[in-house]
Amino acid sequence: MKTLAVALAALAIVGLAAAPGFAQGKGCADEMKALKAAWDKTPAGAKKDAAGKEYKNAETALGKKDEKACLAAVKKAQAAMK
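The sequence shown runs 96 to 177 under this note's numbering.
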């Protein structure tokens, strides 16, 4: 019985580590939340407009479940606000 409990616990740990987002850290949705908070604090102007366009691109990519394209758009938006 004790061996079974240890085996099940090990499988649960392995399952959590293999779950998307758990082992990889922040996903694009989390990055977008942080970006939106920074965007809200950015004064109006060309930088904010450029970042807004990239944010929309990130939303589109996230809707298509394209994590790589989403993160690339978030990085472009962050760079535009600098």
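Glycine is no exception: its CB is placed at the ideal position from the N, C-alpha and C atoms.
Beta-carbon proximity list for residue i, same chain, < 7 Å, skipping 5 on both sides
i: residue 142; result: 175 and 176
i: residue 171; result: 149
i: residue 162; result: 122 and 123
DSSP-derived helix/strand/coil call for residue i
i: residue 139; result: coil
i: residue 121; result: coil
i: residue 161; result: coil
i: residue 127; result: helix
i: residue 177; result: coil
i: residue 132; result: helix
Status (buried if at least 16 other CB within 10 Å, exposed otherwise) for residue i
i: residue 133; result: exposed
i: residue 146; result: buried
Same chain only: Cβ atoms within 6 Å of residue i, ignoring 5 sequence neighbours per side
i: residue 164; result: 156
i: residue 152; result: 168
i: residue 135; result: none
Residues of its chain near residue i, where Cβ-Cβ distance is below 8 Å and the 5 sequence neighbours each way are ignored
i: residue 127; result: 150, 153, 154, 157, 165 and 169
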